[in-house]
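One structure is given below, encoded as structure tokens.
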Amino acid sequence: MRAETDTIGLVNWDWLNQPGVTNLLQINYLLSGKNKQEVVRDWTGNKNYGDLKKETARIVEDFLINLQSKKAEITDQQIQKVLYFGEENANKKAKEVLLKFQKHLGLDFDLKTVGNGRNIN
Numbered sequence: 002m003r004a005e006t007d008t009i010g011l012v013n014w015d016w017l018n019q020p021g022v023t024n025l026l027q028i029n030y031l032l033s034g035k036n037k038q039e040v041v042r043d044w045t046g047n048k049n050y051g052d053l054k055k056e057t058a059r060i061v062e063d064f065l066i067n068l069q070s071k072k073a074e075i076t077d078q079q080i081q082k083v084l085y086f087g088e089e090n091a092n093k094k095a096k097e098v099l100l101k102f103q104k105h106l107g108l109d110f111d112l113k114t115v116g117n118g119r120n121i122n
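Note that my numbering has the sequence shown beginning at 2, numbered continuously upward.
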């Protein structure tokens, strides 16, 4: 396992002088469920970069296992439902925006009856 750190030898949240260590701390807090202050408090002053790397790797692994498990639970039917409602919402919003634009330009016509007066829906 490799993660770039530095030669300072102490864990600190310091983007300027310790970007590699700070990156590990950030990954740790973003994926662990802990808040930033907890992670910084737990690790600041620690002399063992190896422990930080191992703990961060474990947290990333747990996160990915959980993500894959959740993904496996999603059914094709659920995906189709989300896509259907997403399309409906997008169409509704697009129509609202188009009507505002038409009114702004002074174009008062219904797109359903453009052309020869035939309904295009």
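Glycine residues also receive a C-beta, built at the ideal position from the N, C-alpha and C atoms.
According to DSSP, simplified to helix, strand and coil, what is residue i?
| i | result |
| --- | --- |
| Gly107 | coil |
| Trp65 | Going by the sequence as given, residue 65 is Leu instead of Trp. Leu65 falls in the helix class under three-state DSSP. |
| Asp43 | helix |
| Ile9 | coil |
| Ala4 | coil |
| Gly34 | coil |
| Ile60 | helix |
| Ile75 | coil |
| Gln19 | coil |
| Lys101 | helix |
| Lys82 | helix |
Please state whether the Cβ-Cβ distance between residue i and residue j is less than 8 angstroms.
| i | j | result |
| --- | --- | --- |
| Asn13 | Thr57 | no |
| Val22 | Asp7 | yes |
| Lys48 | Leu11 | yes |
| Tyr168 | Asn36 | As shown, the chain starts at 2 and ends at 122. That puts residue 168 outside it, with no answer to give. |
| Asn18 | Ile28 | no |
Do you know whose CA, among the options, lies nearest residue i's CA?
| i | options | result |
| --- | --- | --- |
| Ala4 | Tyr30, Ile60, Leu53, Gly10 | Leu53 |
| Trp16 | Lys101, Val41, Asn36 | Val41 |
| Gly34 | Val61, Asn18, Lys72 | Val61 |
| Leu65 | Gly51, Lys82, Leu32 | Leu32 |
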